[in-house]
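Only one structure is covered here, and it is reproduced in the block below.
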Amino acid sequence: MTKVDGRAARWAGQQERRRAEFVDAALAAIAEHGPDVSTEQIAERAGVARTRLYRHFADAADLQRAIAERAAELVTAELAPLWHPSGSPHEMITTVISTHLRWLTEHEPLHRYLARAVPATTDVRGTIARHLSGLFSGYLTAFGLDPAPADTIAFGLVGYVESATTRWLDHPGALSLTQLTDQLTGTIWAMLDHTLKAGGVELDPDRPLPLPEEF
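Spelled out as structure tokens, the structure:
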């Protein structure tokens, strides 16, 4: 039996705790200084020198990945009720869109930081898209349709919503939040409806829809 080195385990645990503390400091620095936050500002927020910060991260890219992973954890927890939605297709879409828009507007600096610094597949966008892909796949399968398009639809819709929201944030006043939500909801339903009708399935967007496991 291999003997466990207690000191090594404790050191690894301490390293993980310090990394987590630095990532939380980075999130606070981004909220304070915006998406162009510097490593020096992150280190200052953490109360350490820049060189000490990089004892816990291989490089700037490693720090950015850690920030993205933490942001994904936070948004997954906040949006958890959306992964088991209920109601009509229109209600489900409206709930997802309004909640996502609220998160983006409340975390605008972080959203812009991630959009610039981190690949889409490793942050909040990828997390939401993968959850939606699973949901869409479940419904397509329940309707007897090929679930293969689910992934493309999910990532396409998340990209569409984020691009439209970023444009809206850049030009405040063009639409109200309610108008933006209604516009996005209508467009998303049109895309989903097209996929369903192509497979011979027609749904009333205002009629309650059971979850896939209830079919």
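Residue numbers (the numbering used here): 1 to 215. Think of the CB as a built atom: it goes at the ideal place given N, C-alpha and C, for glycine as much as any other residue. Please read all numbers here as calculations on a predicted model, not as lab measurements.
query	result
Proximal residues to Val-124 (C-beta, below 7 Å), its chain only, five neighbours per side dropped	Ala-71, Ala-72, Val-75 and Leu-114
Proximity to Leu-110 [Cα-Cα], best of Thr-166, Val-48 and Pro-212	Thr-166
Proximity below 8 Å, CB of Ala-150 to CB of Ser-133	yes
Reduced DSSP category for Arg-167 - H, G, I as helix; E, B as strand; rest coil	helix
7 Å Cβ shell around Thr-99 - same chain, five flanking residues per side excluded	Leu-79 and Leu-82
The region 39 to 58 touching the region 81 to 96, judged by at least three CB pairs closer than 8 Å	no
Sequence ranges, beta strand (DSSP E) only - wholly within the region 30 to 84, length at least 3	none
C-alpha gap between Thr-121 and Val-48, whole angstroms	The predicted position of Thr-121 is uncertain, since its pLDDT is 44 and thus under 50; no value can be drawn from it.
Boundaries (first-last residue) of the alpha helix (DSSP H) holding Glu-202	That residue, Glu-202, is in no alpha helix (DSSP H); it is neither H nor E in DSSP.
Assigned secondary structure, Gly-216 (DSSP; H/G/I helix, E/B strand, else coil)	Only positions 1 to 215 of the chain appear in the structure, and residue 216 is not among them; the question remains open.
The region 202 to 213 touching the region 138 to 147, judged by at least three CB pairs closer than 8 Å	yes
Leu-63 versus Glu-91, Met-92, Ala-31 and Glu-21, residue with shortest Cα-Cα distance	Glu-21
Whether Trp-168 touches Leu-157 by CB criterion (8 Å)	no
Whole alpha helix (DSSP H) elements within the region 100 to 132, 4-residue minimum	108 to 117
Which of helix, strand or coil DSSP assigns to Phe-136	helix
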